[in-house]
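Engineer: Numbering-wise (our numbering), the sequence shown opens with residue 605 and increments by one.
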Amino acid sequence: ELQGLNKQETADKYGSEQAHEWRRSYDIPPMNGESLEICAERAVAYFTEHIELQLASGKKNIMIAAHGNSLRSINMYLDKLISQEVISLELATGIPMLYIFKEGRFICRGRPPAPTEGTVYAYTKVAKFSKLCL
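(1) Less than 7 Å between the CB of residue 605 and some heavy atom of the ligand PLP, yes or no?
(2) Would a C-beta distance cut-off of 8 Å place residue 605 and residue 635 closer than the cut-off?
(3) Quick check on residue 642: does DSSP put it in helix, strand or coil?
(4) May I ask you to report which of helix, strand or coil DSSP gives residue 703?
(5) How is the alpha helix (DSSP H) around residue 678 delimited, first residue to last?
(6) Could you have a look at residue 655 and say whether DSSP puts it in helix, strand or coil?
(7) Excluding the 5 residues preceding and the 5 following residue 630 in the sequence, name in chain order all residues of the same chain whose CB lies nearer than 8 Å to its CB.
(8) Out of 674, 652, 684, point me to the one whose CA is closest to residue 711's CA.
(9) Give the straight-line distance between the Cα atoms of residue 663 and residue 706, rounded to the nearest whole angstrom.
(10) Could you tell me the boundaries of the beta strand (DSSP E) in which residue 714 lies?
(11) Leaving out five residues on either side along the sequence, give the residues of the same chain with a beta carbon under 7 Å from the beta carbon of residue 680.
(12) Which residues bound the alpha helix (DSSP H) around residue 623?
(13) Go ahead and label residue 551 buried or exposed: buried means 16 or more other beta carbons lie within 10 angstroms of its beta carbon, across all protein chains shown.
Here it is in structure tokens:
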């Protein structure tokens, strides 16, 4: 129902309160659409069954690019966020976040301080990072 509509067009057609509820709720899907909760079931299942498995098998580097709710879902899993935390998570378009997979767990090594602040991250065994994860 919302395919092809941007935020403003959705608000114009369905009202700003309804559009905001669809965009920022965890478990309320738009009609014939998917909530963040439904997206998380799909995205995290793929992540654990494919990405995490490859990392555990020794693959060193994997880059993930996806739309906002898929990335929020994966962040929720990696950072152990609860539903109320993930709905307010703002992700920057095209700005990387860096996680290290070590001893079967994910360690966040960097993310932008704000969605509009681009930062380049590099990782070395001796580097210490001042950027914090959630």
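Cβ coordinates follow ideal geometry from the N, Cα and C atoms, glycine included.
Structural biologist: Judging by the given coordinates:
(1) Ligands are entirely absent from the displayed structure, and the ligand PLP is therefore not among its contents.
(2) Against the sequence shown, residue 605 aligns to sequence position 1. Against the sequence shown, residue 635 aligns to sequence position 31. Cβ atoms of residue 605 and residue 635: closer than 8 Å.
(3) Locating residue 642 in the sequence shown gives position 38, where the first residue counts as 1. In the structure shown, residue 642 sits in a helix (DSSP, three-state: H, G or I).
(4) Counting from one through the sequence shown, the residue named residue 703 turns up at place 99. In this structure, residue 703 counts as strand in the three-state DSSP scheme.
(5) Locating residue 678 in the sequence shown gives position 74, counting from the first residue. Segment 672-683, the alpha helix (DSSP H) holding residue 678.
(6) On the sequence shown, position 51 is the one that residue 655 refers to. Residue state, collapsed to three classes: helix.
(7) To locate residue 630, count along the sequence shown from 1; it is residue 26. For residue 630, where only same-chain residues beyond five positions count, the Cβ hits under 8 Å are 639, 640, 641, 687, 688, 690, 691.
(8) Here residue 711 refers to the residue found at position 107 when the sequence shown is read from its first residue. When each option's Cα is compared against that of residue 711, the closest is 684.
(9) Looking up residue 663 in the sequence shown gives position 59. Looking up residue 706 in the sequence shown gives position 102. For residue 663 and residue 706, the distance between alpha carbons rounds to 12 Å.
(10) Looking up residue 714 in the sequence shown gives position 110. From DSSP, the beta strand (DSSP E) with residue 714 extends over 709-714.
(11) Locating residue 680 in the sequence shown gives position 76, counting from the first residue. So the list reads 644, 690, once near-sequence residues are dropped.
(12) Taking the first residue of the sequence shown as position 1, residue 623 is located at position 19. Residues 620-628.
(13) What the structure shows of the chain is the stretch from 605 to 738, and residue 551 is not part of that stretch, so it cannot be assessed.
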